[in-house]
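Note that the working numbering numbers the sequence shown so that position 112 is 910, with each residue one more than the last. Note that beta-carbon positions come from the ideal geometry of N, C-alpha and C, so glycine has one too. Given the structure is predicted, the values throughout are model-derived calculations rather than measurements.
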Amino acid sequence: MSPPRSRLSVTLDTEQPADRSIWGRAAQVIPGMHEPSATLPLDDTGHATISAPHAYLLSYRLIDLRAGDRLLELGSGTGYGAALGAQIVGPTGRVITIEIDAALSARARDLLSPLANVRALHGDATHATAFFGQCNKIVVAFAVKELPKEWLDALLPGAILVAPVGTTAQHLLRAARTWDGRLDVTRHGAVRYVPNRSTA
Ligand SMILES: C[S@@+](CC[C@H](N)C(=O)[O-])C[C@H]1O[C@@H](n2cnc3c(N)ncnc32)[C@H](O)[C@@H]1O
799 MSPPRSRLSV
809 TLDTEQPADR
819 SIWGRAAQVI
829 PGMHEPSATL
839 PLDDTGHATI
849 SAPHAYLLSY
859 RLIDLRAGDR
869 LLELGSGTGY
879 GAALGAQIVG
889 PTGRVITIEI
899 DAALSARARD
909 LLSPLANVRA
919 LHGDATHATA
929 FFGQCNKIVV
939 AFAVKELPKE
949 WLDALLPGAI
959 LVAPVGTTAQ
969 HLLRAARTWD
979 GRLDVTRHGA
989 VRYVPNRSTA
């Protein structure tokens with residue numbers, strides 16, 4: 799099976815300080831990784847990929863990731879997204895990343911070990927709502943059929959989650975819990991992510 803290809807199209811707006819900052823940090827994490835449309839397979843099945851920097855640019859822009867944030871990443875893969883997130887949240891913030899694949903998780907934990915503000919965990923992130931209370935920004939790196947009710951119920955006021963949602967056709971959805979407790983869900987274009995590997 800050939801690995802899924804990203805169909806995202808994102809234009810870097812160099813006038814936007816947020817975009818300049820995220821893109822600059824992406825280049826610091828993997829020097830030379832400037833190809834905005836590459837999606838690299840991490841295994842033969844295509845069930846794990848490292849998405850191109852533009853995917854992070856879009857997700858991190860949608861959650862307005864910034865210094866001091868507490869980021870939860872569901873689906874660590876290589877750890878690249880977590881490393882980039884750690885650069886952005888800085889020493890006053892932190893990143894928790896969870897990966898279902900034991901071998902990938904161990905590798906990501908090893909690669910991320912020099913970063914003091916990152917915790918890499920092994921497990922099924924579908925049921926990771928215990929961590930939602932510790933994080934104000936949540937980014938999901940695998941596609942779910944629909945936004946799980948348990949995720950939405952666990953979103954604290956002020957928290958924002960971004961996830962690819964759908965099966966054959968997927969869209970990036972942003973769910974934000976307002977300070978007065980309302981849920982605001984918006985749609986942000988077609989994407990192609992690997993599916994949820996949860997069996998539970
Ligand atoms: C697109 S890749 C993530 C790329 C990653 N962010 C990186 O920087 O390399 C999606 C990852 O989600 C993982 N995954 C899929 N379902 C999962 C689940 N239920 N819980 C945790 N991880 C899951 C896959 O094994 C895969 O490594």
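**Asked** Measuring CA to CA, which of 902, 979 and 941 is closest to residue 989?
**Response** 941
**Asked** Among the residues of its own chain, which have a CB less than 7 Å from the CB of residue 961, if the five just before and after it don't count?
**Response** 938, 942, 945 and 971
**Request:** Tell me whether the beta-carbon of residue 898 lies closer than 8 Å to the beta-carbon of residue 921.
**Result:** In this structure, residue 921 lies closer than 8 Å to residue 898 by Cβ.
**Request:** Count the other C-beta atoms from every protein chain shown that fall within 10 angstroms of the C-beta of residue 874, then say buried if there are 16 or more, exposed otherwise.
**Result:** buried
**Message:** Once DSSP output is grouped into helix, strand and coil, what is the label at residue 926?
**Reply:** Three-state DSSP puts residue 926 in coil, outside helix and strand.
**Request:** Identify every run of the beta strand (DSSP E) within the segment 886 to 969, keeping only runs that are complete inside it and at least 3 residues long; order them along the chain.
**Result:** 892 to 897, 916 to 920, 935 to 938 and 958 to 964
**Asked** What residues in its chain sit with their C-beta under 8 Å from that of residue 998, if we drop five residues either side in the sequence?
**Response** 922, 924 and 925
**Asked** To which residues of the same chain is residue 915 closer than 7 Å at the C-beta, ignoring the five residues directly before and after it?
**Response** Taken in chain order, the residues that qualify are 884, 887, 889, 891, 892 and 893.
**Pairwise C-alpha distance: residue 876 and residue 861** = 21 Å
**Request:** Quick one: grab the DSSP three-state call for residue 869.
**Result:** strand
**Distance between beta carbons of residue 952 and residue 913, contact taken as under 8 Å** = Actually they are not in contact, since the Cβ atoms of residue 913 and residue 952 sit about 25 Å apart, beyond 8 Å.
**Prompt:** For residue 973, which residues does DSSP report across the bridge?
**Reply:** DSSP links residue 973 through a beta bridge to 959 and 983.
**Message:** For residue 994 and residue 978, what's the separation of their Cα atoms in angstroms?
**Reply:** 31 Å
**Asked** Where does residue 975 land, buried or exposed, given buried means 16+ other C-beta within 10 angstroms?
**Response** buried
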